[in-house]
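Contents: one structure, followed by commentary.
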Amino acid sequence: MSFLMEYPLPPDAKRFQQEVRSFLKQAFTPDVREEMDTGQWGTGQGPQGRKFLKKLGEKKWLGLTWPVEYGGLGKTFMHKFALTEELDYLHAPWPGMGSFVVGPCLMMFGTPEQKKTFLPKIAAGEWLFALGYTEPNAGSDLASLSLSAVADGDEFVLNGQKIFQSESHSADFVWLAARTDASVAKHKGISLFIVPTHSKGMTLQPMYTMGGHRNNVVYYDNVRIPKGKLVGEVNKGWYYLAAALDLERIFPIGGLMREVEEVISFAKASHAGGRPAMQDPVQRSRLAQMLIEAHVLRTHAFRVAWMQDQGQVPNIEASIQKIMIREMYQRLATLAYQILGQYGQVRRGHPLAVLNGKFEHMARHSPTMTITAGSSEIQRNIIATRGLGLPR
Numbered sequence: 314m315s316f317l318m319e320y321p322l323p324p325d326a327k328r329f330q331q332e333v334r335s336f337l338k339q340a341f342t343p344d345v346r347e348e349m350d351t352g353q354w355g356t357g358q359g360p361q362g363r364k365f366l367k368k369l370g371e372k373k374w375l376g377l378t379w380p381v382e383y384g385g386l387g388k389t390f391m392h393k394f395a396l397t398e399e400l401d402y403l404h405a406p407w408p409g410m411g412s413f414v415v416g417p418c419l420m421m422f423g424t425p426e427q428k429k430t431f432l433p434k435i436a437a438g439e440w441l442f443a444l445g446y447t448e449p450n451a452g453s454d455l456a457s458l459s460l461s462a463v464a465d466g467d468e469f470v471l472n473g474q475k476i477f478q479s480e481s482h483s484a485d486f487v488w489l490a491a492r493t494d495a496s497v498a499k500h501k502g503i504s505l506f507i508v509p510t511h512s513k514g515m516t517l518q519p520m521y522t523m524g525g526h527r528n529n530v531v532y533y534d535n536v537r538i539p540k541g542k543l544v545g546e547v548n549k550g551w552y553y554l555a556a557a558l559d560l561e562r563i564f565p566i567g568g569l570m571r572e573v574e575e576v577i578s579f580a581k582a583s584h585a586g587g588r589p590a591m592q593d594p595v596q597r598s599r600l601a602q603m604l605i606e607a608h609v610l611r612t613h614a615f616r617v618a619w620m621q622d623q624g625q626v627p628n629i630e631a632s633i634q635k636i637m638i639r640e641m642y643q644r645l646a647t648l649a650y651q652i653l654g655q656y657g658q659v660r661r662g663h664p665l666a667v668l669n670g671k672f673e674h675m676a677r678h679s680p681t682m683t684i685t686a687g688s689s690e691i692q693r694n695i696i697a698t699r700g701l702g703l704p705r
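Residue numbers for the sequence shown follow our numbering, beginning at 314 and rising by one.
And the structure:
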């Protein structure tokens, strides 16, 4: 049973939503689903996921809201809301950092040559991106990053280390933040670069989260890139990063809605202790509260899409959405454990695993979700200072 509330999408976006659903019935094949269920390919950068993304690119859905000249369709953010909700509900590969972060930033800050080179390839699903931000000593305080980019003739020379650089093992390029001036205030000496992942001097070392997802430690040892790979102006990277992070924090919630539905369905059918969990008034109350929160979150996501269509920048709204969805995953995993009992601890692939061990995996993976794209603590600081005007 679906508890998804039907939102009043504009007629054209509603028709598009039906088109997406019809497309997914054909394109989201078992081999793509199986690859996504492994949890090893992030938003879908594995071999099958890339094929799927190219199908989205053929329909120009990866650049759905982009201008036509850059490979898009010029559609509204309500169309994008409809697309990402449907993709996320099925846990299908969905437009990643290239489409959601890099492309929009290049349209705002990139050179004409960069727009001409990268945007059509991103929109076609041919080039995928990883983000290169975090360092051993620069996480929540990202402005403290130290990886250096030194100008040398017509090139920049990169030296340093990044960690938690997810998807760099499967991406084509890294959207890299580096220090170009160490003599000024830390926020004023950062620049953004586009770095090919096959660059000489770039070494990847796998690292895995407790959820089993691959991240990478990446070493840059005298990596040379042309000056044409500098995004925008030198030393303006911090301001570009602020825009990029707002875009990165806007997550779809269709998948979360589906997980809530599955927990409720299991609670109705299970007979732990001799009766369905749904007959336990405590669990029933918790499930009802979870469903309420899911719909509040989805309403907020709908509002964010509306804001973008009005030309507004969802800054604190993006932080609110990021906190709500990521922390709700943790609460849902805890609630699922309480309802599933010992079966909730059985991992994927085991014959006793309930829902293929989905919630066991969620329990291990969800804590890392509160850290990526800025920790919950950082998001609350943003809401307090920028939204409420409170002092630092």
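Backbone N, C-alpha and C define an ideal beta-carbon position, used for all residues, glycine too.
Item	Value
Under 9 Å between C-beta atoms of Ala491 and Leu458	yes
Top-ranked residue by Cα proximity to Ala590, from Arg537, Gln651, Arg644 and His608	Gln651
C-beta contact flag for Glu371 and Gln361 at 9 Å	no
As assigned by DSSP and simplified to three states, the class of Lys475	strand
Cut-off 6 Å between Cβ atoms - residues of its own chain near Val345, not counting five sequence neighbours on either side	Gln361 and Phe365
Closest Cα partner of Leu517 within the set Arg334, Ser481 and Val536	Ser481
Given Met410 as reference, the closest of Thr685, Thr681, Pro380 and Pro343 once Cα atoms are compared	Thr685
Boundaries (first-last residue) of the beta strand (DSSP E) holding Thr647	Element bounds for Thr647: not the beta strand (DSSP E) but the alpha helix (DSSP H), Ile629 to Leu653.
Own chain, CB closer than 6 Å to Lys393, minus 5 neighbours either side, in chain order	Leu377 and Thr378
DSSP state of Met314 mapped onto helix, strand, coil	Its pLDDT being 44, under 50, Met314 is placed unreliably in this model, and the value from its coordinates should be taken loosely. Here Met314 sits in coil by DSSP.
Candidates Tyr383, Asp350 and Ala395, of which the one nearest Pro324 by Cα	Ala395
Environment of Gly624 [buried if 16+ CB atoms lie within 10 Å]	exposed
Asp344, DSSP secondary structure in three states	helix
For Asn694, three-class secondary structure by DSSP	helix
Pick from Gly550, Cys418, His678 and Tyr642 that is closest to His500, judged by C-alpha positions	Gly550
Burial state of Asn529, where buried means 16 or more other Cβ atoms lie within 10 Å	buried
Beta-bridge partners of Asp534, as assigned by DSSP	Asn472
Residue span of the alpha helix (DSSP H) that contains Met603, given as start and end	Pro594 to Asp622
Integer Cβ distance of Ser504 from Thr493, believed to fall under 8 Å	4 Å
8 Å contact criterion, which Lys367 and Gly438 should meet: CB distance rounded	4 Å
Exposure label - Arg334; buried when at least 16 CB within 10 Å	exposed
Three-state secondary structure (DSSP) of Leu432	helix
Alpha-carbon spacing of Asp559 relative to Tyr552, whole angstroms	11 Å
CA-to-CA distance, Ala462 to Leu514, given in whole angstroms	One point to set straight first is that residue 514 is Gly, not Leu, in the sequence displayed. Each residue's alpha carbon lies about 14 Å from the other.
Three-state secondary structure (DSSP) of Leu703	coil
Whole-angstrom C-beta distance between Gly670 and Arg661, which should lie under 8 Å	4 Å
Endpoints, alpha helix (DSSP H) assigned at Gly657	It is not in any alpha helix (DSSP H) - Gly657 carries neither H nor E in the DSSP assignment.
Beta-bridge partners of Glu448, as assigned by DSSP	Ala451
Residues that DSSP places opposite Val508 in a beta bridge	Val487
Beta-carbon contacts of Arg705 that lie in its chain and below 7 Å, excluding the five residues immediately before and after	Thr698
Integer-rounded CB distance, given that Val487 should sit under 8 Å from Ala443	5 Å
Ala526 versus Thr351, Phe336, Pro321 and Gln330, residue with shortest Cα-Cα distance	It is worth fixing the name first, because residue 526 is His in this sequence and not Ala. With distances taken between Cα atoms, His526 lies closest to Thr351.
DSSP beta-bridge partners of Met520	Asn528
Reduced DSSP secondary structure (H/G/I, E/B, other) of Ser583	coil
Any 3 or more C-beta pairs closer than 8 Å across the region 564-579 and the region 637-644	yes
Own chain, CB closer than 6 Å to Leu386, minus 5 neighbours either side, in chain order	Lys373 and Leu377
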